[in-house]
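Inspection log for the structure reproduced underneath, given as structure tokens.
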Amino acid sequence: MEHFASSHMNHSLSLVILSYLIATLSAYASIDLAKRVKFAQNKLKTIWLFAGGTVLGIGIWSMHFIAMLAYRFSESVYYDMFYVFLSILFAVGGCISGFYLVSRSTFTLFRFLLSGTIMGLGITLMHYVGMEAVKPVILSYDKPLFIISVFIAVAASLVALWLGFFSPYSKKKINWNLKMLFSFIMACAITGMHYTGMSATRIKYDASAAIKSSAMMLDTSLMAWIVTGGTFLIFIIFFFSLSYDRMANKHKLVQGTILDSAVDGIVVTEESGAIIHANPAFYELMNADGNDPRFQSLYHYHPNLRDMTAYNQEYQIELRNLIIEVKKHPISGESLQNSLWFFRNITEKILNEKHIEFLAYNDSLTRLPNRYKLEQELKARMGNQQKTACIFLDLDRLKLTNDTLGHKAGDALLQYAASQLSKVIGDTDILARVGGDEFIILLSGERANGAEEVADRCIEVMDIPFSINGSNIRATTSAGVSRFPDNASTADELLTFADLAMYESKRKGRNQVTIFNPELNQKIKRTLLIEKELTTAISNDELYLLYQPKICASAEKILGVEALLRWKNPVLGQVSPLEFISIAEEKDMICAITEWVLEEACRQWTKWENNEQIKIAVNISPIQFAKEDFLERLSGLIEKTNMNPRFLELEITESSSLAFESQTKEKLTQIKEMGIDISLDDFGTGYSSFKHLKEFPIEVLKIDKSFIDHLIGNKGQESIVRSMIQLGHNLNMKVLVEGVETKVQADWLKNEGCDIIQGFYYSRPTQPDYIQDFIRERELAPL
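In this text, residue positions in the sequence shown follow our numbering: the first is 19, and each later residue adds one.
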């Protein structure tokens, strides 16, 4: 039996280098494979554990046998296939066991040392069992070197496990240069273990040993091919798995980023409803914890989800006052029957849609139906041939309220009107706001027969003073009524005829109800023509003033005159102020007209002889009086016309200007400080507060003509007028009665102590030139 000492071993340099490169490649692979095992989850973790352990084990085994092939035996040797496969199993098993133990739970020193020891012993067994595959030889080992080789294998394993699982580099990406450095060092340790083990081995050639079975023996040339194939297998498995995993991770990262950054909730489920993946938006929407085992089934979140079997359809569920839109899409292929769910919170969208729909059909301020909704309802009722009545209502004081107290007060008045009118209508009636100050009520069936009574009731509830910012507003109302099929045959006609009837109520003096009749068409045509012609009345010099004397009752001498506006149009002829003043107020022309009257009256005063003994009174529109720049414009006009303010008197109406006591007092005081006298027109027709009235700097109370018409012989009327005269005197004011047409009326007023009388009994309104003649006849009373 021939003996070979290990010191006499010769090695092939090329195979030695190749074994080192394979060791380097194995170490390089182990770094990435360990990270894959560490961070993989569930089934993927198991796959990477076995794949990583197998690749690393085969890599180390390949390095071992290529290094074995590098050794040149002096005699021919063969390799026992049983031991070859057994050595592979030890290598792979040791690596898998080490990976498994070290990745099972949190780091402990014992688990770490045990994992490295088992992995190192697996590699050691792989080496020495692999040596047993060499036939026909007898092996013996040097104990110190044998122990050193075991130590090197365990130490290299511990270093590899620490680097892959517990070092700072295991938690971040390692740059290529550092990874190669680690690989070279690990390769030195792995090959160092092999060559230390080879140095520990004593080999004796046994020529007498017979080959037991050719099937179990491989010669070195075949073994070279097998090892080379194993090496290529490492390359293929490593690069394929690494590349594929990187691509898959990149795809998952992009997909996960998209899903997790999505605003909508996105869920992937199995056919049973088990959740495979759900993004944070879904759990936030459901107010649930994704780690809670109770929430691992999608059907747990809402019972209706189980019934949503149809794909590519939109569903809605309600959850915690939320409205959630749900869409379900199939994911099929490669035996998959999964579903992709989208959950979107559409609560705000639904509320916005409802709000938009509400705004489309309702008035945003009063929340009543608007004209569009009203017309739809009206067409539906008339389409069913229901008897229908239309009540057209108009608030007479909205513009005045806006101009005096501001638009917020005007809005409050509209809301008050909506509230008051809602008290009048029945369950089947429709109340709508169709314009700035316009409301319409629709009555159908038997309710239509009582339309006039409903309209009267509307005026009644609106004729109650309404307090805004300390001021009382009397919101007078004009109403018009039309009926289907009595008057109108279409919806447009019904609305138009009710509107025409409402304008007739305005013409008659407000707080009136007018039932439409065919004759109104002619009146409305005239109203529209007046509106058209009035726009050019000032520029065409169609307006002019007449003057009516005011007589001292005790001396029957002239105290002054009142300027009265008249209009003569080439198309319409002479137009009464009762017709065009209300239209001018409605169409925002009254301020220009009032300013023209004031300037024209002041100019005329400067033309009269002895004008410093004549006081001229001018009516001021409540709308003009309410303007913020009224005082400024008044002062400028007096300066422009050289008018002496001591001989100017402004008449303001009780029924409008005094409705805003909080603002009127200051303005009247400033007018008085300018030297201008103030009289209160139409006294007794409004809602003046006597408490505030005595605080105003008013010189004259002017009693309206309506109290004089039926005065004589009417004890009640006489008592009212007598009380008004006494009230004026108690407030240290002079009392003027207008509309006096007979001597009997004049004598009664004188006996009751009336201060000033104005009316046809003494003089009709006359041209300015005749005032001088009238003065000569009556003489002037001292002012």
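Using N, Cα and C, we set each Cβ at its ideal position, and we do this for glycine too.
For residue i, which of the options has the nearest alpha-carbon?
i      : options                           : result
Ser133 : Ala450, Ser175 and Leu512         : Ser175
Asp160 : Arg664, Ile221, His747 and Lys768 : Ile221
Glu613 : Gly527, Gln622, Pro595 and Arg651 : Arg651
Ser724 : Val718, Lys712, Phe714 and Asp699 : Asp699
Thr671 : Tyr301, Gly210, Ser639 and Gly424 : Ser639
His425 : Phe643, Asp455 and Glu795         : Asp455
Asp447 : Gly463, Gly453 and Ala292         : Gly463
Lys633 : Ala619, Phe643, Ile641 and Lys645 : Ala619
Phe598 : Ala407, Leu303, Thr365 and Glu522 : Glu522
Leu577 : Ile774, Ala466 and Leu340         : Ile774
Ile114 : Val739, Val73 and Val344          : Val73
Val155 : Glu371, Lys346 and Val95          : Val95
Lys658 : Ile40, Glu617 and Lys690          : Glu617
Glu332 : Asn363, Asp310 and Trp180         : Asn363
Pro548 : Asp787, Val593 and Arg399         : First, the amino acid is wrong: residue 548 is Ile here, not Pro. Closest by alpha carbon: Val593.
Expressed to the nearest angstrom, what Euclidean distance is found between the alpha-carbon atoms of residue i and residue j?
i      : j      : result
Leu432 : Thr384 : 7 Å
Trp66  : Tyr118 : 10 Å
Pro536 : Thr545 : 15 Å
Met211 : Met265 : 36 Å
Lys712 : Val718 : 12 Å
Ile542 : Ser697 : 35 Å
Cys476 : Asn297 : 60 Å
Asp381 : Arg451 : 7 Å
Leu822 : Tyr434 : Limits of the chain in this structure are 19 at one end and 801 at the other, which puts residue 822 out of reach.
Thr784 : Gln566 : 6 Å
Leu396 : Asp481 : 28 Å
His295 : Pro387 : 49 Å
Val172 : Tyr223 : 31 Å
Ile743 : Gln790 : 30 Å
Ile284 : Ile170 : 52 Å
Ala233 : Met99  : In this predicted model, Ala233 has a pLDDT of only 47, less than 50, meaning its place in the structure is not dependable enough to derive any value.
Tyr379 : Asp429 : 19 Å
Counting C-beta neighbours from all protein chains within 10 Å, is the total for residue i 16 or more, i.e. buried, or is it exposed?
i      : result
Met137 : buried
Gly71  : buried
Thr7   : An answer regarding residue 7 cannot be provided, because it is not within the stretch 19 to 801 covered by the chain.
His145 : buried
Glu603 : buried
Gly591 : exposed
Ser507 : exposed
Thr64  : exposed
Gly77  : buried
Phe361 : buried
Val281 : exposed
Ile569 : buried
Gly654 : exposed
Lys346 : buried
Return the first residue and the last residue of the alpha helix (DSSP H) that residue i is part of.
i      : result
Lys161 : Lys161 to Leu179
Leu303 : Pro298 to Met304
Gly111 : Met99 to Val120
Asp700 : First-last for Asp700: Asp695 to Phe701, but that is the beta strand (DSSP E), not the alpha helix (DSSP H).
Asn637 : No alpha helix (DSSP H) contains Asn637, which is instead part of the beta strand (DSSP E) from Lys633 to Asn637.
Gln334 : Taken as a continuous stretch (DSSP letters only), Gln334 belongs to no alpha helix (DSSP H), being part of the beta strand (DSSP E) at Glu332 to Leu337.
Gln735 : Lys733 to Asn748
Phe515 : Ala509 to Lys526
Ala328 : Counting along the chain, Ala328 falls outside any alpha helix (DSSP H), and DSSP gives it neither H nor E.
Ile141 : Leu127 to Glu150
Tell me the DSSP bridge mates of residue i?
i      : result
Pro387 : Asn380
Leu564 : Leu582
Ile409 : Ile459 and Val499
Leu358 : Val286 and His347
Leu157 : Ile221
His295 : Val286
Asn823 : Nothing can be reported for residue 823, as the shown portion of the chain is limited to 19 through 801.
Glu756 : Gln776
Ile484 : Residue identity differs from the one stated: residue 484 is Phe in this sequence, not Ile. DSSP lists Ile491 as partners of Phe484.
Taking 7 Å as the CB-CB cut-off, is residue i touching chain C?
i      : result
Ile611 : Going by chain labels, chain C is absent from the structure shown, which holds only one protein chain.
Provide the residue span of the beta strand (DSSP E) that contains residue i, from first to last.
i      : result
Ile716 : First-last for Ile716: undefined, no H or E at that position.
Asn490 : Ser489 to Ile491
Glu667 : Leu666 to Thr671
Thr545 : Where Thr545 is concerned, there is no enclosing beta strand (DSSP E), although the alpha helix (DSSP H) it sits in stretches over Leu538 to Leu552.
Please find out if some non-hydrogen atom of the ligand FMN comes closer than 6 Å to the beta-carbon of residue i.
i      : result
Val442 : For the structure depicted, the ligand FMN is absent and the ligand set is empty, with no information on it obtainable.
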